[in-house]
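S.K.:
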Amino acid sequence: MHSPGHGIVHAATASIDPDHTQPFVAEESPTTSTDHRASSGHRLEQFERDNKTASDSESEMLNVKLSPTLKQLVSLRSPLPPPGPSAAALNKVFTQTLDDLRLSSKSFVQPTGGDSEGVLKSWIVVATATLLTTNSPSTMGPLYHFVTRTSDHALGPGASTDASVPLQKKVERVALIREAGLKCAVLTGIPKVINNLGALREALENDVKVELDASKLPRREVSSQKATRERGAELFELIYSPHSEKLLSKLGRSHPDFPGFIIEHAYGGVLSNPSPEPNSSPSFDTPLISRTLTSALAVACLRTQGGVGPQLTSHVFGLLKAHHQGNQTPIEQWISTEEGAEWVLGAVDQLCDVVRGPGDPVLQDSARL
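Heads up, the sequence shown stops at 370 in the working numbering, and the numbers go up one at a time, no gaps.
1) If I'm right that residue 314 touches residue 324 with Cβ under 8 Å, what's the distance once you round it to whole angstroms?
2) Between which two residues does the alpha helix (DSSP H) carrying residue 300 extend?
3) Using CA coordinates, which residue listed in 82, 267, 342, 178 is at the minimum distance from residue 229?
4) Can you list the alpha helix (DSSP H) stretches of 4 or more residues lying completely in the segment 70-124, in chain order?
5) Could you pull out every residue in the same chain whose Cβ sits closer than 7 Å to the Cβ of residue 1, ignoring the five residues on either side in sequence?
6) Relative to the alpha-carbon of residue 177, which residue among 165, 186, 218 has its alpha-carbon at the smallest distance?
7) Could you spell out where the alpha helix (DSSP H) holding residue 146 opens and where it closes?
8) For residue 304 and residue 346, what's the separation of their Cα atoms in angstroms?
9) In angstroms, rounded to a whole number, what distance separates the CA positions of residue 59 and residue 195?
10) Distance check for residue 80 and residue 328, CA to CA, integer angstroms please.
11) Check for me: the alpha helix (DSSP H) holding residue 316 runs from which residue to which?
12) In three-state DSSP terms, what is residue 165?
13) Among the residues of its own chain, which have a CB less than 7 Å from the CB of residue 120, if the five just before and after it don't count?
14) Taking one C-beta from the segment 121-129 and one from the segment 180-187 each time, how about it: are there three or more such pairs within less than 8 Å?
15) Whole-angstrom Cβ separation of residue 212 and residue 233, contact assumed at under 8 Å?
16) Could you check whether residue 319 and residue 240 sit closer than 8 Å to each other, using their CB atoms as the reference points?
17) Indicate the three-state DSSP secondary structure (helix, strand or coil) for residue 194 in the structure shown.
18) Which of helix, strand or coil does DSSP assign to residue 372?
19) Check whether the Cβ atoms of residue 205 and residue 299 lie closer than 8 Å to each other.
20) Within a Cβ cutoff of 7 Å, which residues of the same chain sit near residue 198, ignoring the five residues on either side of it in sequence?
21) I'd like to know whether the C-beta atoms of residue 293 and residue 336 end up nearer to each other than 8 Å.
22) Mark residue 99 as exposed unless 16 or more other C-beta atoms lie within 10 angstroms of its C-beta, in which case mark it buried.
23) Would a C-beta distance cut-off of 8 Å place residue 260 and residue 272 closer than the cut-off?
24) Thinking residue 424 and residue 351 are a contact (beta carbons under 8 Å), I'd like their distance in whole angstroms, please.
25) Can you give, in chain order, each stretch of the alpha helix (DSSP H) that sits fully within the segment 204-281 and has at least 4 residues?
26) Are there 16 or more other CB atoms within 10 angstroms of the CB of residue 311, so buried, or fewer, so exposed?
27) Using a Cβ-Cβ cut-off of 6 Å (strictly less than) and excluding sequence neighbours within five positions of residue 437, which residues of its own chain qualify?
28) With a cut-off of 8 Å on the beta carbons, I'd call residue 172 and residue 145 a contact; round off their distance for me.
29) When the Cα atoms are used, what is the spatial distance from residue 348 to residue 125?
In structure tokens:
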């Protein structure tokens, strides 16, 4: 005989029948079962409605189109870059500015060997920064073809540019153009870099694309945030010392997040150089663009932009300071002299004259200086 209350089993309570090894569940009351089904049905209906709403929203987003009025407004005010100059005109100014660099720096640089490659590398950085800042994607192909048809010794006046350089040398030079383009992003704007580097990619031969994609180039995303910040602070100090702290304070008054953004993202993330990848190609175990050439690149970008005199002046000073900071190649020693800085400014103006034409207001302003 059971004690009182032991025979009562509450709804939805599991027990073990002593005559069986399987648990059983006592029957729910009709009211509880009906309420549970109603609640489940309500949740299912709500889930289906939510899914339908999300599906409808996604479908509407996919079907968004510009009205004729918006299309017309977008097409106004030159949304596309103007056509660039002819390849012949570009090749002429390329040759002139490269020859001028070679002749002007001859007191520092040997005419052959590694020094001559360094001359070409310096020219590529300045030319890329200038052409990209003019936002002339059509010049990227001629630039690539010019530097990959110039052998190491063919830097003198009248030298032939018909002979193509070996595949690995092509990869190294296009990697340099690409790296210069990326560094321009913080000085001239990401949209221009996207369009111009896209045009560069389209100009490459298939074997160059394959080899470039397979190359173990230094990559920025592998660095820690702390390492990136430290690289940025070091480069910022090298360029702006002894005024770096004063400048950061001034930037902070413009916006409190500005100093951190400039140091970590602009200088640390882009303008400074990442560490080489493990097992990287010997061709890429040193920075593609040195501290000196980064300053020359900044000068070229800012000169081409126009209207940013204070920043241009700061980076000209930064270029001259590099001369006293060591770890330079012979051509970098010359580029960071006053004569070298004059060449950078003059080469930029010559390139802009051809790409933009003599009627460009930025060029007219510089001509009055």
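Just so you know, even glycine gets a beta-carbon here, dropped at the ideal spot from N, CA and C.
M.R.: Quick look at the numbers:
1) Taking the sequence shown and counting its residues from 1, one reaches residue 314 at position 313. Taking the sequence shown and counting its residues from 1, one reaches residue 324 at position 323. About 17 Å separates the two Cβ atoms, so there is no contact after all.
2) Counted from its first residue, the sequence shown places residue 300 at position 299. Looking at the DSSP string, the run of the alpha helix (DSSP H) that includes residue 300 is 292-306.
3) Walking along the sequence shown from the start, residue 229 turns up at place 228. Per the Cα distances, 267.
4) 88-105
5) Absent from the structure is residue 1, since the part of the chain shown begins at 2 and ends at 370.
6) The count along the sequence shown starts at 1 and reaches residue 177 at position 176. Closest option to residue 177, Cα to Cα, is 218.
7) Taking the sequence shown and counting its residues from 1, the one referred to as residue 146 is at position 145. 141-148 is the extent of the alpha helix (DSSP H) around residue 146.
8) Sequence index remark: in the sequence shown, residue 304 carries index 303 (1-based). Sequence index remark: in the sequence shown, residue 346 carries index 345 (1-based). So the alpha carbons of these two residues sit roughly 7 Å apart.
9) Here the question's residue 59 lines up with position 58 in the sequence shown. Here the question's residue 195 lines up with position 194 in the sequence shown. Roughly 28 Å between the two C-alpha positions.
10) If you number the sequence shown from 1, residue 328 lands on position 327. If you number the sequence shown from 1, residue 80 lands on position 79. Going by the C-alpha atoms only, they are around 43 Å apart.
11) Position 315 of the sequence shown, counted from the start, is the residue given in the question as residue 316. Run containing residue 316: 310-323, per the alpha helix (DSSP H) assignment.
12) Your numbering for residue 165 matches position 164 in the sequence shown. If DSSP states are grouped into helix, strand and coil, residue 165 belongs with coil.
13) Within the sequence shown, residue 120 is the residue found at index 119, counting from 1. Here the set comprises 102, 103, 106, 110, 156, 332.
14) yes
15) For the purposes of this step, residue 212 is taken as residue 211 along the sequence shown, with counting starting at 1. For the purposes of this step, residue 233 is taken as residue 232 along the sequence shown, with counting starting at 1. No, residue 212 and residue 233 are not in contact; Cβ-Cβ is about 31 Å, not under 8 Å.
16) Counting from 1 along the sequence shown, the entry for residue 240 is found at position 239. Counting from 1 along the sequence shown, the entry for residue 319 is found at position 318. Yes, these two residues count as a Cβ contact at 8 Å.
17) Residue 194 sits at position 193 when you count from the first residue of the sequence shown. In this structure, residue 194 counts as helix in the three-state DSSP scheme.
18) The structure shown does not extend to residue 372, since the chain is modelled only from 2 through 370, so no value can be given for it.
19) Here residue 205 refers to the residue found at position 204 when the sequence shown is read from its first residue. Here residue 299 refers to the residue found at position 298 when the sequence shown is read from its first residue. No. Outside cutoff.
20) As a first step, residue 198 is located in the sequence shown; it is residue number 197 there, counting from the start. So the list reads 179, 182, once near-sequence residues are dropped.
21) Along the sequence shown, one-based indexing puts residue 293 at 292. Along the sequence shown, one-based indexing puts residue 336 at 335. Going by C-beta atoms, residue 293 is nearer than 8 Å to residue 336.
22) One-based indexing of the sequence shown puts residue 99 at position 98. Per the 10 Å Cβ criterion, buried.
23) The residue given as residue 260 occupies position 259 in the sequence shown. The residue given as residue 272 occupies position 271 in the sequence shown. Their beta carbons are not under 8 Å apart, which means residue 260 does not touch residue 272 by this criterion.
24) Past the boundaries of the shown model lies residue 424; the chain is included only from 2 to 370, so the question cannot be answered.
25) 207-215, 226-241, 245-255, 259-262
26) Counting from one through the sequence shown, the residue named residue 311 turns up at place 310. Residue 311 should be labelled exposed.
27) It is not possible to answer for residue 437, since the shown part of the chain is limited to 2 through 370.
28) Taking the sequence shown and counting its residues from 1, one reaches residue 172 at position 171. Taking the sequence shown and counting its residues from 1, one reaches residue 145 at position 144. About 11 Å; that fails the 8 Å criterion.
29) Here residue 348 corresponds to residue number 347 of the sequence shown, with the count starting at 1. Here residue 125 corresponds to residue number 124 of the sequence shown, with the count starting at 1. Straight-line Cα distance between these residues: approximately 11 Å.
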